[in-house]
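When we follow the numbering used here, the leftmost residue of the sequence shown carries the number 1, and every step to the right adds one.
Even glycine gets a Cβ: it sits at the ideal position worked out from N, Cα and C.
Please read the structure below before turning to the comments.
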Amino acid sequence: MSKINCPKCRSAMEEKGIDRCVAFRGIDLDIIEEVFVCSVCGLCAGTIQSAGKIQQTIADAYREQTGLLSGEKIKELRKAKGMTQKKLAELTGFGIASIKRWETGAIQSKSMDLVLRQHLINDWDINNVTGNRSFSIPRILLVALAFKAELCRTILKKDDKRLFAVKYIWYADMFAKKMLGRSMTGATYANLSYGPQLNNYRELLDEIKNADAAKAQPLTSEELNIIKKISHTFPENQMIFDAAQKEPAWLETSVGELISYIWADQIVARLN
Numbered sequence: 001m002s003k004i005n006c007p008k009c010r011s012a013m014e015e016k017g018i019d020r021c022v023a024f025r026g027i028d029l030d031i032i033e034e035v036f037v038c039s040v041c042g043l044c045a046g047t048i049q050s051a052g053k054i055q056q057t058i059a060d061a062y063r064e065q066t067g068l069l070s071g072e073k074i075k076e077l078r079k080a081k082g083m084t085q086k087k088l089a090e091l092t093g094f095g096i097a098s099i100k101r102w103e104t105g106a107i108q109s110k111s112m113d114l115v116l117r118q119h120l121i122n123d124w125d126i127n128n129v130t131g132n133r134s135f136s137i138p139r140i141l142l143v144a145l146a147f148k149a150e151l152c153r154t155i156l157k158k159d160d161k162r163l164f165a166v167k168y169i170w171y172a173d174m175f176a177k178k179m180l181g182r183s184m185t186g187a188t189y190a191n192l193s194y195g196p197q198l199n200n201y202r203e204l205l206d207e208i209k210n211a212d213a214a215k216a217q218p219l220t221s222e223e224l225n226i227i228k229k230i231s232h233t234f235p236e237n238q239m240i241f242d243a244a245q246k247e248p249a250w251l252e253t254s255v256g257e258l259i260s261y262i263w264a265d266q267i268v269a270r271l272n
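This is the structure in structure tokens:
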């Protein structure tokens, strides 16, 4: 056990676990905090190392109380299935940096946790979660470039605060699933305040923009026709933003909830 001297009376301090209740993200968490306690004056003190440890303890307690997979559990389940971090990143479309952060303490959202569970625990239903297609970043770029050609403007922008680009891609995926039986990109989506959101879109944006579209399966004439019709129906960003927020897929799911491709059959927008 580590030993340090009391900064007040210079007596020896011992590391002990004390019960604490801390508020984190609106939830009261009961945790055990490792601190150094002076046996003479009773002063409690921490170190840089213990400060980092308490943050990890709080994150683990929050995940447990809210039903999220812990970092250790993600790692354990991944290894049990013989997956590398890279493979899990490819399957989920989250990016390897996210997988590494979640395994070392960062807290994933509920929608991202659900996708992780689909791959690590549940029987994987690719039809409902990815639209019967493997996730493909080059194909997202290909779809975005097709929209650029139809709209005569770029949709992939870093300053896209209201995520207009995602709405175009989401509609392309949903209409493709509804009309052709499979999505265009295999992307997974969640309910966020601005409407349907492609999971981890902001983090993946640079990777999408730098992808090699030539590596993607070419868009079929049917897929290109869907993109053309979406572009003609929603030539302006605000139009597609407003339409997405009228969809049952967004109205009837909760914030943070995964938006399944089951909702494709209930799309209310009508293409011109």
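- Every unbroken stretch of the beta strand (DSSP E) spanning 3 or more residues and falling wholly within the region 128-212 is given here in chain order: 189-192 and 195-198.
- Counting of Cβ neighbours within 10 angstroms places VAL268 among the exposed residues, the total staying below 16.
- A residue is called buried once 16 or more other Cβ atoms fall within 10 Å of its Cβ, and GLN56, having fewer, is exposed.
- As the crow flies, the alpha-carbon of SER193 is around 15 Å from that of GLN238.
- Between SER260 and VAL129, the CB-CB gap stays under 8 Å.
- For GLU252, there is no enclosing alpha helix (DSSP H), as DSSP marks it with neither H nor E.
- Taking each of THR84, GLU236 and ASN210 in turn and checking the Cα distance to LEU141, the smallest one comes out for ASN210.
- In its chain, beyond the 5 residues on either side, ALA144, PHE147, LYS148, PHE164, ALA165 and TYR168 have a beta carbon closer than 7 Å to the beta carbon of ILE155.
- The DSSP-derived three-state label of VAL40 is coil.
- Taking a C-beta distance under 8 Å as the contact criterion, ILE74 and ALA89 do not qualify as a contact pair.
- Cβ-Cβ distances below 7 Å link ILE226 to ALA172, PHE175, ALA176 and MET179 in the same chain, with the five nearest sequence neighbours on each side left out; the list follows chain order.
- A check of alpha carbon separations from CYS6 across ILE32, VAL40, GLN118 and ALA23 identifies VAL40 as the nearest.
- A straight-line Cα-Cα distance of about 49 Å links VAL35 and TRP170.
- THR188 is the residue among ILE27, THR188, SER134 and ARG20 whose C-alpha sits nearest the C-alpha of VAL115.
- In the DSSP assignment, ARG20 falls within the unbroken beta strand (DSSP E) covering 12-24.
- Leaving aside the five residues that flank THR47 on each side, none in its chain has a CB nearer than 6 Å to its CB.
- With 16 or more other CB atoms across the displayed protein chains lying within 10 angstroms of its CB, GLU103 is buried.
- For LYS215, there is no enclosing beta strand (DSSP E), as DSSP marks it with neither H nor E.
- DSSP, read as helix, strand or coil, puts LEU258 in strand.
- The Cβ atoms of SER70 and LEU258 lie no closer than 8 Å to each other.
- In the DSSP assignment, ASN5 falls within the beta strand (DSSP E) that extends over 3-5.
- If the five residues before and after GLY186 are omitted, its C-beta is found closer than 6 Å to the C-beta atoms of THR130, ARG133, SER134, PHE135 and SER136, all from its own chain and listed in chain order.
- Taking the CA atoms as reference points, LEU68 sits about 15 Å from PHE24.
- Per DSSP, the beta bridge partners of LEU29 are VAL22.
- Across the set ALA12, ALA61 and GLU223, the C-alpha of GLU223 shows the shortest separation from the C-alpha of ARG139.
- Per DSSP, the beta bridge partners of ALA45 are PHE36.
- Taking the CA atoms as reference points, LEU43 sits about 19 Å from CYS21.
- Residue range 110-120 is occupied by the alpha helix (DSSP H) that includes VAL115.
- Take THR253, set aside five residues on each side of it, and the residues of its chain with a beta-carbon closer than 7 Å to its own are ASN191 and ILE259, in chain order.
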